[in-house]
């Protein structure tokens with residue numbers, strides 16, 4: 041098994057898409073009792089700490105979340121490893137390969153706070169009964185799990201207990217402020233969270249925890265940056281911690297918060313979130329009806345894409361009615377596929393077909409306003425339709441009036457927050473344009 045030893049010691053076995061990693065994982069999945077897993081169990085006791093860390097990761101990757109008693113046994117032996125990172129990785133493997141019963145037994149038998157905290161963190165709901173544990177971080181996690189399903193009558197006592205343990209729990213539990221967020225979000229406790237942030241920020245010992253919770257709130261509630269930015273600035277002090285800087289960066293994503301409170305943060309040393317701009321591209325070419333017709337003549341009737349569609353069809357519609365073929369092309373672009381092209385072409389179809397097409401057009405557009413991939417384009421399309429899009433106002437208003445962020449998928453929480461802000465801005469601009477055209 042020399043190849044396996046070399047792959048582990050060089051880090052290749054944990055490098056994404058590396059042939060060595062693929063070979064190791066394939067071998068384990070084919071036979072969990074074969075020579076590759078057996079050798080990894082042996083390497084879990086290697087003198088080299090890097091090798092022990094790599095083995096814990098490999099076994100976790102190969103096992104997924106399926107029970108694997110042999111891997112759990114190897115991980116249990118590493119819960120007392122001299123290296124803290126090995127212990128943390130072993131705790132993850134114990135929970136997922138051994139199951140909650142095995143992990144809870146280890147949690148009850150061990151005394152070392154780092155590994156007990158790690159076990160409790162991965163056990164999640166299975167530790168809700170440990171609210172009287174001797175370790176503050178375990179009590180904190182147990183109360184968090186209880187809070188996520190608590191009744192309104194339980195909220196304030198649990199809040200007080202969490203606040204009492206927050207400072208001590210933070211010694212062993214990273215990102216404690218962020219951990220506080222999900223439960224209150226599920227319970228809709230927006231203003232309670234703002235009050236909790238204020239109390240945590242007021243105490244220098246829990247200020248970073250408050251900053252972490254503030255950041256989590258800004259990720260989840262649209263009003264949070266507006267409400268919390270002044271609080272964050274007030275408690276920055278002369279120096280600014282990394283947790284506080286991150287919270288301010290997240291809060292700066294909100295256009296409303298920066299518009300109102302921008303002067304407050306002008307002298308604070310943090311990095312505002314970069315505002316993503318769409319590429320402007322090359323200047324739009326000028327089309328007349330002849331050049332526009334030539335472009336469409338070269339395209340098939342069922343075309344799915346057309347660069348400069350507004351300019352091309354706009355030039356033709358300015359000159360007179362579309363030909364049957366041109367109308368068929370515009371129909372294909374408008375009705376065949378949802379997406380950016382449909383959003384761009386729908387107002388053109390309305391211009392071609394007239395108000396009788398309006399109900400069908402709006403039925404195409406309004407369901408996609410909250411789609412983080414193309415929602416902006418649909419809002420912009422409604423804006424171009426002006427007064428004709430008046431029946432879409434309830435859909436736009438529902439998107440604008442959301443208190444929580446639109447669920448989106450991006451690589452970072454800040455990126456997801458920015459996507460929601462862009463959807464919100466596009467919807468506000470569309471509503472403004474529709475109302476302005478209606479009033480004129």
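Numbering (our numbering), first residue to last: 41 to 480. Backbone N, C-alpha and C define an ideal beta-carbon position, used for all residues, glycine too.
Practice item. Thinking residue 328 and residue 349 are a contact (beta carbons under 8 Å), I'd like their distance in whole angstroms, please. Key: No, residue 328 and residue 349 are not in contact; Cβ-Cβ is about 16 Å, not under 8 Å.
Check your understanding: For residue 156, which of 401, 209, 108 and 187 has the nearest alpha-carbon?
Key -> 209
Exercise for review: Since I believe residue 414 is in contact with residue 379 (beta carbons under 8 Å), could you give me their beta-carbon distance rounded to a whole number of angstroms?
Suggested key: 5 Å
Check your understanding: When burial is assigned at 16 or more other CB atoms within 10 Å of the CB, is residue 341 buried or exposed?
Key -> exposed
Review point. Which residues mark the beginning and the end of the alpha helix (DSSP H) in which residue 184 is found?
Key: 176-187
Check your understanding: How many Å lie between residue 383 and residue 426 at the Cα?
Key -> 14 Å
**Study point:** Three-pair Cβ contact test at 8 Å for the stretch 435-444 versus the stretch 387-398
**Key:** No, they do not touch.
Review point. Which residue from 275, 158 and 126 puts its Cα closest to that of residue 243?
Key: 275
Point to revise | Minimum length 4: unbroken alpha helix (DSSP H) runs contained in the stretch 356-422 | key: 364-375, 380-393 and 398-405
**Study point:** Cβ-Cβ distance between residue 154 and residue 124 below 8 Å
**Key:** yes
Exercise for review: Please report the Cβ distance between residue 285 and residue 266, rounded to the nearest whole angstrom; I am assuming they are in contact, meaning their Cβ atoms lie under 8 Å.
Suggested key: Going by Cβ atoms, the distance from residue 285 to residue 266 rounds to 19 Å, so no, they are not a contact pair.
Practice item. Mark residue 366 as exposed unless 16 or more other C-beta atoms lie within 10 angstroms of its C-beta, in which case mark it buried. Key: buried
**Study point:** Residue closest to residue 235, alpha-carbon to alpha-carbon, out of 222, 245, 250 and 134
**Key:** 250
Review point. Does the stretch 92-104 come close enough to the stretch 121-135 to have 3 or more Cβ pairs within less than 8 Å?
Key: Output reads yes: the stretch 121-135 touches the stretch 92-104.
Review point. When we look at the beta-carbon of residue 256 and count the other beta-carbons within 10 Å, is it buried (16 or more) or exposed?
Key: buried
Exercise for review: Let me know the secondary structure DSSP gives residue 157 once reduced to three states.
Suggested key: helix
Review point. Roughly how many whole angstroms lie between the Cα atoms of residue 451 and residue 376?
Key: Distance between the alpha carbons of residue 451 and residue 376 is about 30 Å.
Review point. If we ignore side chains and look at the alpha-carbon of each, how far apart do residue 445 and residue 472 end up?
Key: 21 Å
**Study point:** From 44, 227 and 278, residue whose alpha carbon lies closest to that of residue 188
**Key:** 227
Practice item. In the DSSP assignment, find the alpha helix (DSSP H) that holds residue 148 and state where it starts and stops. Key: 140-149
Point to revise | Beta-carbon gap between residue 180 and residue 144 smaller than 8 Å | key: no
Practice item. Name, in chain order, the residues that DSSP records as bridge partners for residue 261. Key: DSSP lists 444 as partners of residue 261.
Check your understanding: How long is the line joining the alpha carbons of residue 312 and residue 440, rounded to whole angstroms?
Key -> 24 Å
Check your understanding: Taking C-alpha atoms, which residue in 75, 108, 163 and 121 lies nearest to residue 87?
Key -> 121
Exercise for review: Less than 8 Å between the CB atoms is what I'm expecting for residue 159 and residue 168, so what's the real figure, rounded?
Suggested key: Contact between residue 159 and residue 168 does not hold, since their C-beta atoms are separated by about 14 Å, which reaches or exceeds 8 Å.
Review point. Does the separation of the CB atoms of residue 417 and residue 448 fall below 8 Å?
Key: By the CB criterion at 8 Å, residue 417 and residue 448 fall outside the cutoff.
Point to revise | Residues near residue 453 by beta carbon distance below 6 Å, same chain, minus five either side | key: 259
Review point. Would residue 200 be called buried (16 or more neighbouring beta carbons within 10 Å of its own) or exposed?
Key: exposed
Practice item. Rounded to whole angstroms, what's the CA-CA distance from residue 409 to residue 112? Just pull it up for me. Key: Using only the alpha carbons, I get a separation of about 47 Å.
Exercise for review: Excluding the 5 residues preceding and the 5 following residue 458 in the sequence, name in chain order all residues of the same chain whose CB lies nearer than 6 Å to its CB.
Suggested key: 293
Point to revise | Reference residue 429; option with closest CA among 398, 442 and 407 | key: Minimum Cα-Cα distance from residue 429 among the listed residues 398, 442 and 407 corresponds to 398.
Review point. Hey, how far is the Cα of residue 363 from the Cα of residue 337?
Key: Cα-Cα distance, rounded: 11 Å.
Review point. Out of curiosity, what's the CA-to-CA distance linking residue 477 and residue 229?
Key: 39 Å
Point to revise | Straight-line gap, residue 175 to residue 403 (C-alpha atoms, nearest Å) | key: 56 Å
Review point. Rounded C-beta distance between residue 271 and residue 238? I'm assuming under 8 Å.
Key: 6 Å
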